[in-house]
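Each residue of the sequence shown is one higher than the last, beginning at 317 in the working numbering.
Beta carbons: idealized from backbone N, C-alpha and C, even for Gly.
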Amino acid sequence: MKKILFPTDFSEAATNAFVHALEFAKIVNAELILLHTFEIPVYDSQFFPENYASIYSSIELAKFEMFKDEIPKLRTIAMERKLEDIVIKHRLMDGDLLYNLKNAVEEDKIDFVIMGTSGVYDWTKFFLGSNTSSVISGVDVPVLCVPADAKFKKIKVIGFTTRYREKDKKELRKVLNIAKKTNAKVKSLYVRTSDSDVSESTVKEWEKEFAGENVEFLVLPSDEVKETILDFVLYKDIDVLAMITHKRSFFESIFDSSFTKKISRQMTVPVLIMHED
317 MKKILFPTDF SEAATNAFVH ALEFAKIVNA ELILLHTFEI PVYDSQFFPE NYASIYSSIE
377 LAKFEMFKDE IPKLRTIAME RKLEDIVIKH RLMDGDLLYN LKNAVEEDKI DFVIMGTSGV
437 YDWTKFFLGS NTSSVISGVD VPVLCVPADA KFKKIKVIGF TTRYREKDKK ELRKVLNIAK
497 KTNAKVKSLY VRTSDSDVSE STVKEWEKEF AGENVEFLVL PSDEVKETIL DFVLYKDIDV
557 LAMITHKRSF FESIFDSSFT KKISRQMTVP VLIMHED
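Have a look at this one:
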């Protein structure tokens, strides 16, 4: 059985993503591990010599009580969606979210991470934050990011962006395996820019190799790569967009300041970030 790590702060965005996590767990036959982290403020013991330890104990207890109170609400959501059979486990950890997330992925042998975002600026913080580059390089599992406005619907079409590199085939096969479990079609997109080095023969070779799969290969000429991807999502009825991380600069280009307003308004589908070998 596969394992999905679901970091949550019990916010509205996280609760919305929890629905996606439940449904995705059903699709890939996985159990959910809920991760909630909190940071204990640092106090100077010389100013609190007598109740120094009790301050930390009270904070930990309060977080535990809050965690305990929120879990039944999530189980109710599972019951309402008739997904109460999904195994749900829990991790309550103090410390930095990204540090704990990385450790949890390694210790629990996680297959997927699913997390909610309240907006594109959260995406920027997650992917470009001071600790995040190490998480991206250190966590070799797909990360499904769910915008707060992305309400779950049956996955019928999965978008997949590629540069037609040989190593991209492995990730495409992973996407196709997910698609088969939900009877979805995969639409693969390559944006051919004016300096593209991908030949027509390469495209034909991919089409021949994947001829027996439910995948459609689209090559769209444009030097406006990000806008073309957005149009692809909007006009090709994409339910989930799968993208491969090539390098850290990939995220810097996707989430630059001139693009954030447009993507925050229009990108309302979950994005599956896949990590290349």
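Option in the options with minimal Cα separation from residue i
i: F334; options: M317, I404, V421 and K318; result: I404
i: F526; options: I554, Y551, V344 and R489; result: R489
i: K542; options: E516, K520, S515 and R508; result: R508
i: K384; options: F326, A394, K418 and L414; result: F326
i: S517; options: E423, D547, Y480 and A394; result: Y480
i: A260; options: M431, T584, K425 and G475; result: Past the edges of the chain, shown from 317 to 593, lies residue 260, and the structure says nothing about it.
i: T478; options: V514, I393 and K469; result: V514
i: L390; options: P458, K469 and A337; result: A337
i: I426; options: E347, S538, E386 and N493; result: E347
i: T331; options: I589, M409 and M431; result: M431
Beta bridge counterpart(s) of residue i as assigned by DSSP
i: V429; result: L321 and V459
i: L390; result: Its beta-bridge partners do not exist; DSSP assigns none.
i: H336; result: Answer is none; H336 lacks a bridge partner.
i: K531; result: Reading the sequence as shown, one finds Val at residue 531 and not Lys. DSSP lists V502 as partners of V531.
i: R407; result: L351
i: L536; result: V507
i: F621; result: Absent from the model: residue 621. The displayed extent of the chain is 317 to 593, so no value can be given.
Presumed contact (8 Å Cβ cut-off) between residue i and residue j, rounded CB distance
i: L321; j: A420; result: 6 Å
i: V473; j: D401; result: Not really, about 27 Å apart at Cβ, beyond 8 Å.
i: I545; j: L505; result: 7 Å
i: K483; j: L399; result: Contact doesn't hold; Cβ gap of about 35 Å is too wide.
i: D456; j: H591; result: 5 Å
i: L408; j: H352; result: 5 Å
DSSP-derived helix/strand/coil call for residue i
i: E487; result: helix
i: S517; result: helix
i: I349; result: strand
i: A558; result: strand
i: V541; result: helix
i: I343; result: helix
i: Y506; result: strand
i: F548; result: helix
i: L588; result: strand
i: L417; result: helix
i: K384; result: helix
i: S450; result: Note that S450 scores 47 on pLDDT, short of 50, meaning its location in the model is unreliable; the coordinates nonetheless yield the value given after this. Helix, per DSSP.
i: I471; result: coil
i: T331; result: helix
i: F326; result: coil
i: I402; result: coil
Spatial neighbours of residue i in its chain, beta-carbon cut-off 7 Å, leaving aside the 5 residues before and after
i: N499; result: none
i: K491; result: Checking the displayed sequence, the identity of residue 491 turns out to be Val instead of Lys. Same-chain partners within the cutoff: I474, F476, V502 and A558.
i: N530; result: A495, K501 and V502
Own chain residues within Cβ distance below 8 Å of residue i, not counting five before or after
i: E532; result: K501, V502, K503 and S504
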